[in-house]
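Peer 1:
2 protein chains.
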Amino acid sequence: MEDKVLRKLFLGFIHIHILHHAKESPIFGSWMLEELREHGYSIGPGTLYPILHSMESDGLLTREDRNVEGKIRKYYSITEKGEQILVEAQKKAYELFKEIKD
Amino acid sequence: MEDKVLRKLFLGFIHIHILHHAKESPIFGSWMLEELREHGYSIGPGTLYPILHSMESDGLLTREDRNVEGKIRKYYSITEKGEQILVEAQKKAYELFKEIKD
DNA sequence: TTTTCAATATCGCCCTTCGATATTAATACT
DNA sequence: AGTATTAATATCGAAGGGCGATATTGAAAA
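Chains A and B are the protein sequences, given in the same order. Per our numbering, the first sequence runs over residues 1 to 102. Per our numbering, the second sequence runs over residues 103 to 204.
1. Does the region 74 to 93 of chain A come within contact of the region 118 to 129 of chain B, defined as at least 3 CB pairs closer than 8 Å?
2. Rounded to a whole number of angstroms, what is the C-alpha to C-alpha distance between Leu-33/A and Glu-83/A?
3. Just checking my contact of Leu-198/B with Tyr-178/B at CB under 8 Å: how many whole Å lie between their CB atoms?
4. Between the Cα of Arg-139/B and the Cα atoms of Phe-115/B, Pro-152/B, Tyr-196/B, which residue gives the shortest distance?
5. Tyr-49/A to Thr-62/A, Cα distance in whole Å?
6. What is the DSSP secondary structure of Ile-27/A, reduced to helix, strand or coil?
7. Would you please verify whether the beta carbon of Ala-124/B is less than 9 Å from any beta carbon of chain A?
8. Once you ignore the five residues that flank Ile-43/A on each side, which residues in its own chain have a CB closer than 6 Å to its CB?
9. When the cut-off is 9 Å and only beta carbons count, does Lys-173/B lie next to chain A?
10. Could you please give me the residues that DSSP links to Glu-166/B through a beta bridge?
Next up, the structure:
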């Protein structure tokens, strides 16, 4: 399957998407899963949640538990360090795009 | 170190760079190492060579041994499948860039 | 033959990804 | 009250990959 090949290429993209959305407004896991799916990234919960945890322990995201309609959700927001990383990613994504666009 | 964090984000970018350059003209390992370094990607030979091997066994690159000034180099060119993957990557890189640019 | 050098390959450790399954906590139903 | 249901999150073991350090290759120079 070339799915495996594509995933290898796009896992970093997924991390960047997460940072981007977490900057716009706090996100939670299953919403992010749906958002990524709409962008054409197929990824399961067993992959996403460990990624969120590692991004938190890497200091890119902070977690806050909220009670929404009786359900507890873990909302993740971007940290200052996360924003710095995102800026780096924006630069690199632009360079990559410029270089391969034609 | 946040180097580890950045590497996680950019490994896919590196794969795409490799595909792009292998399409322009055949590449070999140590040249690619230098090229990536100039683009700001720090990566060692112990990482790059296994990547080239896996991209070959995934059918994205083909290898051809050439004798250059008495030295044997392994030149990698892009395959048809590699070109298809690269097109996918271009689309996704453009979407990513569009989404996070501001 | 020995040294030197550029280029490539391999080693073992550790971490991550993955699909599948389990857990949690609150509501709806009978 | 007890059970089923549901959304959201967490965890499991297997498999694979990244990493730095080290080893190997092959040819030319000394």
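For glycine and all other residues, C-beta sits at the position ideal for the given N, C-alpha and C.
Peer 2: Judging by the given coordinates:
1. no
2. 21 Å
3. About 26 Å; that fails the 8 Å criterion.
4. Of Phe-115/B, Pro-152/B, Tyr-196/B, the residue nearest in Cα terms is Phe-115/B.
5. Straight across, the Cα-Cα distance linking Tyr-49/A with Thr-62/A is about 14 Å.
6. strand
7. For Ala-124/B, the nearest beta carbon of chain A is not closer than 9 Å to its own beta carbon.
8. Leu-36
9. no
10. Tyr-177/B
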